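Following: one structure in structure tokens, then a few remarks.
Residue numbers (the UniProt record's numbering): 1 to 112.
Written out as structure tokens, the structure is:
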């Protein structure tokens, strides 16, 4: 999840004072992306701690839940993931998107 304007926007450059800060910022963004994928997997009832699942997701370069929609379950099965988790990972993207939208709407309603 990259902040609005991207990593190299003027807003972000103003807050990053050293190369070390930049790498900490990138690591933080990557951690947020990993958490987002983990949350999606939990929503889809797939264990994100399964080493096979983690390895396949990393090998395929998936960093956002929406990327699962670009693959078919056979892509995961060929890499050693069982059929049920493969099906769940590819079929729950729309449901998860609606879930996030409802959660955001509900949180905005409680803030007013």
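Every residue gets a Cβ at the ideal spot worked out from N, C-alpha and C, and that includes glycine.
Remember, predicted model here, so these are calculated numbers, not experimental data.
Compute the distance between the beta-carbons of residue i and residue j, then report whether it is under 8 Å.
i          : j          : result
residue 65 : residue 46 : no
Work out the CA separation of residue j and residue i for me, nearest whole Å.
i          : j           : result
residue 62 : residue 82  : 18 Å
residue 48 : residue 54  : 7 Å
residue 86 : residue 109 : 35 Å
residue 51 : residue 88  : 17 Å
Can you tell me where the alpha helix (DSSP H) with residue i in it begins and where it stops?
i          : result
residue 79 : Residue 79 -> no alpha helix (DSSP H), and no H or E assigned at all.
residue 53 : 51-60
Note down, in chain order, each residue of its chain lying with its Cβ closer than 8 Å to the Cβ of residue i, except the 5 sequence neighbours on either side.
i          : result
residue 72 : 90
Specify the secondary structure class of residue i as computed by DSSP and reduced to three states.
i           : result
residue 39  : helix
residue 46  : coil
residue 34  : helix
residue 95  : helix
residue 63  : coil
residue 104 : helix
Starting from the C-beta of residue i, find all residues in its chain whose C-beta is less than 6 Å away, skip the five residues before and the five after it, and write them out in chain order.
i          : result
residue 40 : 65 and 96
residue 79 : 56
Suppose the cutoff is 7 Å on Cβ atoms and the five residues either side in sequence are ignored; what does the same chain contact list for residue i look like?
i          : result
residue 93 : 65, 66, 68 and 69
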